[in-house]
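There are 2 protein chains.
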Amino acid sequence: MAKYAIGLDYGTNSVRTLIVNVANGGEVATAVWTYEHGTEGVILSNDPNLARQHPGDYLRGFEIAVKAALAQAKRAVKGFKPADIIGIGVDTTGSTPLPVDEGGEPLAFRKQFAKDPAAMAWLWKDHTGVAEAEEITALAERMRPQYLGKCGGTYSSEWFFSKILHCLRTSPKVFDAAYSWVEIADWIPAALTGTELPSKLTVGICAAGHKAMYNDAWGGYPDAEFLGKLDPKLGKLRARLRPKAHNVSKAVGGLTPEWAKKTGLPAGIPIAVGAFDAHLGAVGAGIAPGTLVKIIGTSTCDMMVAPLASNLPDIPGLCGIVPESILPGYYGLEAGQSAVGDIFNWFVNYVQPGGPKAGSHEALTAAAAKLKPGESGLLALDWNNGNRTILVDQRLTGLLLGQTLYTRPGEIYRALIEATAFGALAIMNRFEEYGIKVQQVINCGGIAEKNPLVMQTYADVTGRPMKLSRSAQTPALGAAMAGAVVAGKFAGFAAAQKAMSGLKAKVYQPNKQANAVYRELYALYKQLHDAFGTEQWEGKLYNVMKDLIAIRNRVRR
Amino acid sequence: MAKYAIGLDYGTNSVRTLIVNVANGGEVATAVWTYEHGTEGVILSNDPNLARQHPGDYLRGFEIAVKAALAQAKRAVKGFKPADIIGIGVDTTGSTPLPVDEGGEPLAFRKQFAKDPAAMAWLWKDHTGVAEAEEITALAERMRPQYLGKCGGTYSSEWFFSKILHCLRTSPKVFDAAYSWVEIADWIPAALTGTELPSKLTVGICAAGHKAMYNDAWGGYPDAEFLGKLDPKLGKLRARLRPKAHNVSKAVGGLTPEWAKKTGLPAGIPIAVGAFDAHLGAVGAGIAPGTLVKIIGTSTCDMMVAPLASNLPDIPGLCGIVPESILPGYYGLEAGQSAVGDIFNWFVNYVQPGGPKAGSHEALTAAAAKLKPGESGLLALDWNNGNRTILVDQRLTGLLLGQTLYTRPGEIYRALIEATAFGALAIMNRFEEYGIKVQQVINCGGIAEKNPLVMQTYADVTGRPMKLSRSAQTPALGAAMAGAVVAGKFAGFAAAQKAMSGLKAKVYQPNKQANAVYRELYALYKQLHDAFGTEQWEGKLYNVMKDLIAIRNRVRR
Numbered sequence: 059m060a061k062y063a064i065g066l067d068y069g070t071n072s073v074r075t076l077i078v079n080v081a082n083g084g085e086v087a088t089a090v091w092t093y094e095h096g097t098e099g100v101i102l103s104n105d106p107n108l109a110r111q112h113p114g115d116y117l118r119g120f121e122i123a124v125k126a127a128l129a130q131a132k133r134a135v136k137g138f139k140p141a142d143i144i145g146i147g148v149d150t151t152g153s154t155p156l157p158v159d160e161g162g163e164p165l166a167f168r169k170q171f172a173k174d175p176a177a178m179a180w181l182w183k184d185h186t187g188v189a190e191a192e193e194i195t196a197l198a199e200r201m202r203p204q205y206l207g208k209c210g211g212t213y214s215s216e217w218f219f220s221k222i223l224h225c226l227r228t229s230p231k232v233f234d235a236a237y238s239w240v241e242i243a244d245w246i247p248a249a250l251t252g253t254e255l256p257s258k259l260t261v262g263i264c265a266a267g268h269k270a271m272y273n274d275a276w277g278g279y280p281d282a283e284f285l286g287k288l289d290p291k292l293g294k295l296r297a298r299l300r301p302k303a304h305n306v307s308k309a310v311g312g313l314t315p316e317w318a319k320k321t322g323l324p325a326g327i328p329i330a331v332g333a334f335d336a337h338l339g340a341v342g343a344g345i346a347p348g349t350l351v352k353i354i355g356t357s358t359c360d361m362m363v364a365p366l367a368s369n370l371p372d373i374p375g376l377c378g379i380v381p382e383s384i385l386p387g388y389y390g391l392e393a394g395q396s397a398v399g400d401i402f403n404w405f406v407n408y409v410q411p412g413g414p415k416a417g418s419h420e421a422l423t424a425a426a427a428k429l430k431p432g433e434s435g436l437l438a439l440d441w442n443n444g445n446r447t448i449l450v451d452q453r454l455t456g457l458l459l460g461q462t463l464y465t466r467p468g469e470i471y472r473a474l475i476e477a478t479a480f481g482a483l484a485i486m487n488r489f490e491e492y493g494i495k496v497q498q499v500i501n502c503g504g505i506a507e508k509n510p511l512v513m514q515t516y517a518d519v520t521g522r523p524m525k526l527s528r529s530a531q532t533p534a535l536g537a538a539m540a541g542a543v544v545a546g547k548f549a550g551f552a553a554a555q556k557a558m559s560g561l562k563a564k565v566y567q568p569n570k571q572a573n574a575v576y577r578e579l580y581a582l583y584k585q586l587h588d589a590f591g592t593e594q595w596e597g598k599l600y601n602v603m604k605d606l607i608a609i610r611n612r613v614r615r
Numbered sequence: 059m060a061k062y063a064i065g066l067d068y069g070t071n072s073v074r075t076l077i078v079n080v081a082n083g084g085e086v087a088t089a090v091w092t093y094e095h096g097t098e099g100v101i102l103s104n105d106p107n108l109a110r111q112h113p114g115d116y117l118r119g120f121e122i123a124v125k126a127a128l129a130q131a132k133r134a135v136k137g138f139k140p141a142d143i144i145g146i147g148v149d150t151t152g153s154t155p156l157p158v159d160e161g162g163e164p165l166a167f168r169k170q171f172a173k174d175p176a177a178m179a180w181l182w183k184d185h186t187g188v189a190e191a192e193e194i195t196a197l198a199e200r201m202r203p204q205y206l207g208k209c210g211g212t213y214s215s216e217w218f219f220s221k222i223l224h225c226l227r228t229s230p231k232v233f234d235a236a237y238s239w240v241e242i243a244d245w246i247p248a249a250l251t252g253t254e255l256p257s258k259l260t261v262g263i264c265a266a267g268h269k270a271m272y273n274d275a276w277g278g279y280p281d282a283e284f285l286g287k288l289d290p291k292l293g294k295l296r297a298r299l300r301p302k303a304h305n306v307s308k309a310v311g312g313l314t315p316e317w318a319k320k321t322g323l324p325a326g327i328p329i330a331v332g333a334f335d336a337h338l339g340a341v342g343a344g345i346a347p348g349t350l351v352k353i354i355g356t357s358t359c360d361m362m363v364a365p366l367a368s369n370l371p372d373i374p375g376l377c378g379i380v381p382e383s384i385l386p387g388y389y390g391l392e393a394g395q396s397a398v399g400d401i402f403n404w405f406v407n408y409v410q411p412g413g414p415k416a417g418s419h420e421a422l423t424a425a426a427a428k429l430k431p432g433e434s435g436l437l438a439l440d441w442n443n444g445n446r447t448i449l450v451d452q453r454l455t456g457l458l459l460g461q462t463l464y465t466r467p468g469e470i471y472r473a474l475i476e477a478t479a480f481g482a483l484a485i486m487n488r489f490e491e492y493g494i495k496v497q498q499v500i501n502c503g504g505i506a507e508k509n510p511l512v513m514q515t516y517a518d519v520t521g522r523p524m525k526l527s528r529s530a531q532t533p534a535l536g537a538a539m540a541g542a543v544v545a546g547k548f549a550g551f552a553a554a555q556k557a558m559s560g561l562k563a564k565v566y567q568p569n570k571q572a573n574a575v576y577r578e579l580y581a582l583y584k585q586l587h588d589a590f591g592t593e594q595w596e597g598k599l600y601n602v603m604k605d606l607i608a609i610r611n612r613v614r615r
């Protein structure tokens, strides 16, 4: 009799339930439910930096999407029974922390705070804590520089303590009413398993390590003295945070009878520690030592792992290096590009060259595909939304260079694609410079699935084959793997991946000629990159445009 | 009884006749005739570099446009009589040389060559002689570096000897049939006055000095040894070129009875030495020591004069410094930007942001006008067509920097306008660095007339009032002034300008606040300019984007 695991993928606008055959990774059913609060699930305000979610949506979404997926599975698979579900895994966005009371209830569930955005879950992309992030970074630089060493040197406004401190400063009623704060990656598994909150909360290492400066090397979360310097009330919160964080191979508990009754799932099936979508996505795509997993969408997340036993140095510019944040037994290494699809979307939606029809992604891709590498004479930097890796600098911007009186939109579109490929190569090179060899690259995400020109360009620019994850929903698949692992179906994630994940037959192979031109272009990109992006740079830029023209003239011949 | 002069303005597509009252500059009649050969007067071929004109069009155009203007004047001015016309001046495009036979006839008038483009006038924008221009530059660098000192260091494919040498190489039958070559600025006055060609041809200093390396300091045109090194046949041509060139205060001769009969003009009225449109345009706009005249169209021509008595140094980057090329008694100094309106046209016609309607000049200007200086965070270089002054480098290209995921077309359009203003300021600064003080700026040309946002931006960026020439057709007006001077109506051009030229009432005054922001932006522009445009540059670019963001944040506050 086939057995199944469920992956729950809590995204920005909706939750997805995926039912997976643990023997072969077959995705037998999936259901998506869009959150009902706010605009497509996001609570907004006049402040463009504010983005919140109502935690009730997570629970209601669980019930609705699970029931829908189960019904679909019954229709699709002969003999399928909900009792064949053996475990559940959960991935979420993050850092998305939520204030809870002493009894573990979200403050958002109280009438008093039912409409107060400060009492909601502070969604990953909420940037209201910009000032607090700078304050935390400055204090850590002076007082605890080691805290910044593992998160790229800068504490972000998107992260745990920036949001909590901003709440303390701007919504003191909510802050004072909160007993503690919990990432939704931890809160959802706790809610489904009836875990007593917050005292018995199981905290995941992924959120804690990447967003809250948690590290066993210094005793877990930042110490009370440090937090107290930011605000005495924040210092007091420290005692209410859990002492130890866990990886995704641990079960938080079993599904409560109440939730079992509501959904039809078997009571007591184990639910794994929660983790971020990108990280369980990497698991679902088949991450392993030597494998770079790239999730390519509006931005990218580039992930690798390295054995815990290895003597891993700090790697400048990496967003995070956290033990077991992706796979148990391995450091999780996270890099990324702040914008990829978003840059193409900007060109199409904001510049809209030629109007809505001529300027569509399809039309521009078709025009761009006709060009040879170097033919346009254009070179761009992929910094329209700053640079996450390897420069870790939000205050960088886009650059387009080489335009003449005859430059056409398709040429610019191609230059933008190439710029993101150069940015991807800079990340791969950084991994390798620090001894993390990239032996294969597995891509997933919307752009990897849908745009062959982008994938071919990445192969040509990097000189490496670009492979694609077989699954189109790797985060939910990775979560289902965690469910299967905590259910005891596999000895570990390597076995789960062997059974449940795989690659598409299509592999984008690098073209040698194209790669030769792109090596030259990358050298120029790197010149601009270093000139505009590093303080140390003292070289000249004189040759850049001339080399571009020479290359263009040569390839046109 | 009022007296009048005629200005004949031979443009790229048509000839304009302007009848001007010499007492007050009143433009009483004007007529335009589009040449009948080729496409809008330009003979083209499969080679995109080729652009020729049929010399017959110049003569037929004279007859038609003069008769039409006279008829119009009769209707417009009570008592007007053709006999009241006292002189004629001629301006033309250039360098536009024409092969003529020993009798002075254009070869194009012979049946044998009637359809041979090589026998036509080689229009200024004909670039077929690119290889020959490089050859001439290289030889001059080795053998006669002084020849390049007065023309910015590079001999252009648009100029006299590049075209002749290209004809020699590619159309030897035409070259061999030609006795000599004549600029149309010299040929048209000669034809109208019946001057015996080529032995008695009166050559203008403007064309000879700016385009044919003529300078009295080294005995006129380049010597036979130099030309002979390029090709022995070219060396032999040297003896058939005139020994002495003249300024526009000299009369070539009197209108022949034949032309008088054909047009109704009085026979014998003097015709001045011809000159280029931009230079007589500067005269028409009121050029004088301390006055910069900017002709702003698809590109710009920026002109000043300095007393011949002054100890004028070579000014690096200036296209040409030629005694009396603009005004008798003064050095003519010519600078320019390779593209201004052409950059805006590129953005509208090639990028076409938002489609044909949303991306029109009008819509983009309206959107750009709503922005404050520095607000977009964008910075551009105005090099889409290379940089004429002060870098004299065709191998430079455009650059746009500072774009985010929210940058809109109106912001880019404004950044392009600002870039051309920064380029204009770099030229003004270069004049002043070499002791040529800019005391006032007079603008003319299509963009100066039609786009107040451009003019205001130029005032704000340069911190100087932008004045406008009263006449919208300054080249023809300047030509008419030359006609009045050679007719003896004025002692010189200063008196002619005082009587006949003037300014519009509207003056664009610089805004102090805007100028303060633009000073900061110009410093960043100069950083990019020097980084990308000069070989000597060794500085850092690190601050550019950060400063831009800081400025943007500040002005948005």
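Residue numbers (this note's numbering), protein chains in the order written: chain A, 59 to 615; chain B, 59 to 615. Glycine included, every Cβ here is placed at the ideal spot set by N, Cα and C. From a predicted model like this one, the values you see are computed outputs, not experimental measurements.
query: Using a Cβ-Cβ cut-off of less than 9 Å, list which residues of the stretch 401–421 of chain B approach chain A; keep chain order.; result: 401, 403, 404, 408, 409, 410, 411, 412, 413, 414, 415, 416 and 417
query: Sorted by chain position, which residues of the same chain lie with C-beta nearer than 7 Å to residue 332 of chain B's C-beta, five sequence neighbours on each side aside?; result: 148, 149, 150, 243, 244, 246, 247 and 262
query: List the residues of chain A that residue 358 of chain B touches, going by C-beta distances under 8 Å, in chain order.; result: Within chain A, no residue comes near residue 358 of chain B; the closest Cβ sits about 15 Å away, beyond 8 Å.
query: Measuring straight from C-alpha to C-alpha, what distance separates residue 290 of chain A and residue 284 of chain A?; result: 10 Å
query: Residues of the stretch 441–458 of chain B with a CB closer than 7 Å to any CB of chain A: list them in chain order, please.; result: 442, 443, 453, 454, 455, 456, 457 and 458
query: Going by the DSSP bridge assignment, what does residue 75 of chain B pair with across the sheet?; result: B:66 and B:89
query: Distance, Cα to Cα, residue 282 of chain B vs residue 298 of chain B?; result: 11 Å
query: Looking only at C-alpha atoms, which of B:191, B:137 and B:252 sits nearest to residue 222 of chain B?; result: B:191
query: Residue 395 of chain B touches chain A at which residues, Cβ-Cβ below 9 Å?; result: Under the 9 Å cutoff, chain A gives no residues; its nearest Cβ is about 13 Å from residue 395 of chain B.
query: Between residue 296 of chain B and the rest of its own chain, which residues show a CB-CB distance below 6 Å, the 5 nearest in sequence each way excluded?; result: 282 and 285
query: Check whether chain A comes within 8 Å of residue 435 of chain B, counting only Cβ atoms and requiring the distance to be less than that.; result: yes
query: Taking a cut of 8 Å between CB atoms, which residues from the stretch 460–471 of chain B lie near chain A?; result: 460, 461, 462, 463, 464, 465, 466, 467 and 470
query: According to the Cβ coordinates, are residue 267 of chain A and residue 394 of chain A closer than 8 Å?; result: no
query: Which of helix, strand or coil does DSSP assign to residue 503 of chain B?; result: coil
query: CA-CA distance, residue 423 of chain B and residue 306 of chain B?; result: 40 Å
query: Does the beta-carbon distance from residue 523 of chain A to residue 567 of chain A come in below 8 Å?; result: yes
query: Alpha carbon to alpha carbon, what distance is there between residue 534 of chain B and residue 570 of chain B?; result: 36 Å
query: In terms of residues, what are the limits of the beta strand (DSSP E) holding residue 359 of chain B?; result: 358–365
query: To the nearest whole angstrom, what separates the beta carbons of residue 562 of chain B and residue 528 of chain B, a pair I think is in contact under 8 Å?; result: 5 Å
query: So, does the stretch 348–355 of chain B touch the stretch 499–513 of chain B, judging by three or more C-beta pairs under 8 Å?; result: yes
query: Can you name, in chain order, every residue of its own chain whose Cβ lies under 6 Å from the Cβ of residue 125 of chain A, other than the five neighbours on each side?; result: 321
query: In its own chain, which residues sit with a C-beta less than 6 Å from the C-beta of residue 600 of chain A, not counting the 5 before and 5 after it?; result: At residue 600 of chain A, the pLDDT of 46 sits below 50, so the modelled position is not reliable; the number obtained from the coordinates is stated separately. Around residue 600 of chain A: no qualifying Cβ.
query: Kindly indicate which residue of A:92, A:127 and A:129 has the alpha-carbon position closest to the one of residue 115 of chain A.; result: A:92
query: Where do the ends of the beta strand (DSSP E) carrying residue 241 of chain B lie?; result: 238–241
query: Among the candidates A:391, A:144 and A:251, whose CA atom is the shortest distance from the CA of residue 489 of chain A?; result: A:391
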